[in-house]
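J.: Numbering (the numbering used here), first residue to last: 67 to 306.
Ideal Cβ placement from N, Cα and C applies to all residues, glycine included.
First, the structure itself, so that you have it in front of you.
In structure tokens form, the structure reads like this:
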């Protein structure tokens, strides 16, 4: 009776279409630093974990980074980056093959609308367990990275953290490795899955609504301004 109950419970849980998933994301890089202690500290800073919350409602999902309090001991390090942008929320609708990315750049918000572009996944026969879930391995290659993903076929969702999606089951774990240096890679690992029958997704609404091509033009102009400001401060004339 115990095993029958567990089977029925699993079917009931996995039959739910509304749930929340949390992932840990880490970036690992190979730094060329002659000072061993400086190299160690910088690598620790870059590999500091970040956490992604994925909310799923059938064929719609919303992915965003969440803040967690850092209670670790020792000195804290930070790095200021000039320029760049940050994706605050990513909304995917697989029924309409559309996505909306809420992106911040130069203290301005943009809602970037586009179609969903998924990786060309190859499903392998390799399997394992992740926190009690039976998962299958899928692989993909793009211009710069090898991607290894593990998904659970029993949870029928094409969703995953950030832009990693399109598998025949919820993505639980992923590793993206640089083709140029295998010591540079990014990992996503499952933290938790929580059923939420009352979950209601809201599309990103703040910011200017534009297309990807329109944002690319704005980004190009933004970097041109940054370079011009740098040239002014350093006394460099771009026409020289």
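Could you tell me the distance, in whole angstroms, from the CA atom of residue 235 to the CA atom of residue 253?
T.: Going by the C-alpha atoms only, they are around 18 Å apart.
J.: Between which residues of its own chain and residue 272 is the CB-CB distance below 6 Å, once the five residues before and five after are set aside?
T.: Contacts found: 175.
J.: Check each candidate in 233, 210, 112, 133 and name the one with the smallest Cα separation from residue 246.
T.: Taking only the C-alpha atoms, the option nearest residue 246 is 210.
J.: Hey, residue 188 and residue 201 are a contact pair by Cβ (cut 8 Å); roughly how many whole angstroms apart?
T.: Not quite, the Cβ-Cβ distance comes to about 16 Å (not below 8 Å), so this is no contact.
J.: So is residue 270 buried or exposed if we call it buried at 16+ other beta carbons inside 10 Å?
T.: With 16 or more Cβ atoms within 10 Å of its Cβ, residue 270 is classed as buried.
J.: Determine the DSSP secondary structure at residue 83, reduced to helix, strand or coil.
T.: Coil at residue 83, not helix or strand.
J.: Report buried or exposed for residue 150, applying the criterion of at least 16 other Cβ atoms within 10 angstroms of its Cβ.
T.: So residue 150 ends up on the exposed side.
J.: Residues in the same chain with beta-carbon distance under 6 Å from residue 153, minus the five sequence neighbours each way, listed in chain order, please.
T.: Excluding residues within five positions, the ones whose Cβ falls inside 6 Å are 167, 169.
J.: To the nearest angstrom, report how far apart residue 116 and residue 289 are at their CA atoms.
T.: Distance between the alpha carbons of residue 116 and residue 289 is about 27 Å.
J.: Mind pulling the beta strand (DSSP E) runs of 3 or more residues that sit fully within the segment 199-252?
T.: DSSP runs (the beta strand (DSSP E)) wholly in the segment 199-252: 199-207, 211-218, 236-244.
J.: Which residues mark the beginning and the end of the alpha helix (DSSP H) in which residue 281 is found?
T.: Here the alpha helix (DSSP H) through residue 281 covers 278-300.
J.: When the distance is taken between beta carbons, is residue 103 closer than 8 Å to residue 128?
T.: No, these two residues do not count as a Cβ contact at 8 Å.
J.: Any idea which residues DSSP pairs residue 126 with across the strands?
T.: DSSP, once it has assigned bridges, lists 123, 159 as partnering residue 126.
J.: On a Cα-Cα basis, can you pick out the residue from 277, 296, 294 that is closest to residue 177?
T.: Ranking 277, 296, 294 by Cα distance to residue 177 puts 277 first.
J.: Under 6 Å Cβ to Cβ from residue 126, same chain only, skipping five residues before and after it: list those, please.
T.: 159, 267.
J.: What is the DSSP secondary structure of residue 175, counted as helix, strand or coil?
T.: Correct three-state label for residue 175: strand.
J.: Of all the options 163, 88, 123, 112, which has the alpha carbon lying nearest to the alpha carbon of residue 133?
T.: Ranking 163, 88, 123, 112 by Cα distance to residue 133 puts 88 first.
J.: Select from 212, 263, 242 the residue whose C-alpha is nearest the C-alpha of residue 122.
T.: With distances taken between Cα atoms, residue 122 lies closest to 263.
J.: Do you know whose CA, among 255, 172, 83, 217, lies nearest residue 194's CA?
T.: If we check each option's Cα against that of residue 194, 217 comes out closest.
J.: For residue 256, which three-state DSSP category applies?
T.: Residue 256: strand per DSSP, three-state reduction.
J.: In three-state DSSP terms, what is residue 88?
T.: Three-state result, residue 88: strand.
J.: Where residue 225 and residue 233 are concerned, what is the direct C-alpha to C-alpha distance, given to the nearest angstrom?
T.: Taking the straight line joining both Cα atoms gives about 7 Å.
J.: Tell me the rounded alpha-carbon separation between residue 293 and residue 173.
T.: Whole-angstrom Cα-Cα distance: 18 Å.
J.: Going along the chain, which residues of its own chain have a beta-carbon closer than 6 Å to the beta-carbon of residue 92, five neighbours each way excluded?
T.: The residues are 113, 115, 253.
J.: What are the start and end residues of the beta strand (DSSP E) that includes residue 195?
T.: Per DSSP, residue 195 belongs to the beta strand (DSSP E) from 188-196.
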